[in-house]
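So the structure is just underneath, and the comments pick up after that.
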Amino acid sequence: MSQFDIEEFIAANCSDSMQHDDEVSVPCYNCSDEGDHLWINMDTGLFICYRCGESGNLPKFIAKVMDVSYEAAKGYIFRKIRGRAGEGLDEIKDRLDLGLEDPAPPERRKKRRALPRKMHMLPPLSPEHVSGQAAAYLRKRGVTDQQMKEHRIGYVHTGKFGRRIIVPVIRSSTSIYFVARAVLPYMQPKVLNPKNVKGRLTARDVLFNLDRGMAQPKGILVEGVFDAIATGGIALLGKRLSPTQLDLLTKTCQHWDELVVMFDNDDPDAGDKAETTARVLSPFWAVKIAELPEGEDPASVDNPERYVDAAEEHSRLRRIRMKAREL
Ligand SMILES: [Zn+2]
Numbered sequence: 155m156s157q158f159d160i161e162e163f164i165a166a167n168c169s170d171s172m173q174h175d176d177e178v179s180v181p182c183y184n185c186s187d188e189g190d191h192l193w194i195n196m197d198t199g200l201f202i203c204y205r206c207g208e209s210g211n212l213p214k215f216i217a218k219v220m221d222v223s224y225e226a227a228k229g230y231i232f233r234k235i236r237g238r239a240g241e242g243l244d245e246i247k248d249r250l251d252l253g254l255e256d257p258a259p260p261e262r263r264k265k266r267r268a269l270p271r272k273m274h275m276l277p278p279l280s281p282e283h284v285s286g287q288a289a290a291y292l293r294k295r296g297v298t299d300q301q302m303k304e305h306r307i308g309y310v311h312t313g314k315f316g317r318r319i320i321v322p323v324i325r326s327s328t329s330i331y332f333v334a335r336a337v338l339p340y341m342q343p344k345v346l347n348p349k350n351v352k353g354r355l356t357a358r359d360v361l362f363n364l365d366r367g368m369a370q371p372k373g374i375l376v377e378g379v380f381d382a383i384a385t386g387g388i389a390l391l392g393k394r395l396s397p398t399q400l401d402l403l404t405k406t407c408q409h410w411d412e413l414v415v416m417f418d419n420d421d422p423d424a425g426d427k428a429e430t431t432a433r434v435l436s437p438f439w440a441v442k443i444a445e446l447p448e449g450e451d452p453a454s455v456d457n458p459e460r461y462v463d464a465a466e467e468h469s470r471l472r473r474i475r476m477k478a479r480e481l
């Protein structure tokens with residue numbers, strides 16, 4: 155590959171780093187971070203700081219870390235990869251002008267993940283489904299038969315994903331990833347995201363329900379698949395927006411007037427986590443935070459729309475948005 159070696163750059167220029175699948179976390183250059191809150195994707199060079207909300211692409215990261223201009227950073231990347239690239243100068247320049255190593259979204263660059271073998275489509279929910287517990291679970295989460303069909307939800311009896319409800323992540327009619335939700339209460343983990351396999355997508359490369367959610371006039375961002383089904387929103391498959399997910403959103407959903415972050419209110423830090431994600435998104439949209447009653451999530455409340463409508467843009471988020479407009 156002709157890619158710039160981000161790992162090598164970090165080893166030489168950052169005081170500390172930690173590897174997490176496709177991402178590496180380092181101390182943030184922007185917020186006197188003593189931890190490792192800036193996470194950078196090793197494939198794309200896209201990054202987010204979960205402490206201050208700073209985000210951007212590889213040339214920006216290198217410019218800031220080396221304290222040089224954006225143009226100088228692009229030149230630096232260019233010189234570094236030039237020797238390894240089996241391609242012409244103009245091709246490399248074109249790629250760098252796009253700010254990214256590769257303008258294609260990761261789901262197209264990477265190999266697609268098939269669904270688990272022996273998956274049964276739902277409905278119908280037959281009695282053999284662990285005494286109807288899969289059915290009970292889906293009903294409890296408010297998922298209708300119609301939604302099971304629309305989202306191509308399935309069930310697996312045995313094997314690695316046995317006794318789990320399978321919810322595929324669909325992009326342009328293709329299942330590119332899936333989550334496997336435990337049916338029985340003692341099963342751990344509750345949500346099994348297929349592990350990182352070289353060249354395959356991870357949960358941090360995809361957004362659940364993006365095609366539907368992007369068609370809405372207003373964005374709704376939630377954590378889990380059932381929250382997204384209940385609200386018509388888009389799920390992060392976790393509490394932390396990844397650099398790749400931010401890139402996907404900014405490229406596909408620019409038409410949104412506003413974006414509502416509606417996370418589960420399931421632990422004392424829930425508000426802080428919603429705020430962290432909201433900060434990262436605020437340069438791009440008017441971001442509001444929906445506050446749910448304690449212990450509730452978007453799929454457990456009646457009328458989630460009510461909380462979406464009541465959401466407000468905090469003044470500190472508004473300041474971030476206004477500042478970004480000025481630049
Ligand atoms: Zn920071």
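Start counting the sequence shown at 155; every next residue gets the next number (the numbering used here). Glycine included, each C-beta is placed from N, C-alpha and C at the ideal position.
For Val414, the closest alpha carbon among the candidates Val219, Lys372, Phe315, Ala334 is that of Lys372. By DSSP's assignment, Lys442 forms a beta bridge with Val414. Residue environment: Glu304 is assigned as exposed (fewer than 16 neighbouring CB atoms within 10 Å of its CB, all protein chains considered).
Here Val310 carries a strand assignment [DSSP, helix/strand/coil]. Look at Ser469 here: in three-state DSSP terms it is helix. With a cut-off of 7 Å, the C-beta of Cys168 is classified as distant from ligand 1, since no heavy atom of the ligand falls inside that distance. Assigned with DSSP and collapsed to three states, Leu391 falls in coil, not helix or strand. Assignment of alpha helix (DSSP H) within the region 321-382, counting only whole runs of 4 or more residues, yields 364-367 in chain order. For Glu177, the enclosing beta strand (DSSP E) stretches over residues 177-180.
Looking at the DSSP output, His274 bridges to Tyr309.
Put simply, of Pro322, Val379, Gly286, Arg354 the residue whose alpha carbon is nearest the alpha carbon of Leu338 is Gly286. In this chain, the beta strand (DSSP E) harbouring Phe201 covers 201-203.
Nearest C-alpha to Ile235 among Ala289, Phe163, His174: Phe163.
The three-state secondary structure of Met196, taken from DSSP, is coil. One thing to note: Ile307 has its Cβ within 8 Å of the Cβ of Leu276. The shortest C-alpha to C-alpha distance from Leu292 to any of Ala336, Phe332, Ala226 is the one to Ala336. In its chain, beyond the 5 residues on either side, Ser179, Asp190 have a beta carbon closer than 6 Å to the beta carbon of Met172.
Looking at the DSSP output, Ile319 sits in a beta bridge with Tyr309, Arg335. Annotation: the continuous beta strand (DSSP E) that includes Gln173 extends over 172-174. The closest heavy atom of ligand 1 lies less than 7 Å from the beta carbon of Leu192. Between the C-alpha atoms of Glu208 and Lys272 there is a straight-line separation of about 43 Å. Cβ-Cβ distances below 8 Å link Val455 to Leu446, Pro447, Tyr461 in the same chain, with the five nearest sequence neighbours on each side left out; the list follows chain order. When secondary structure is reduced to three states using DSSP, Gly207 falls in the coil class, being assigned neither helix nor strand. In this structure, the CA atom of Ile474 is about 25 Å from the CA atom of Leu364.
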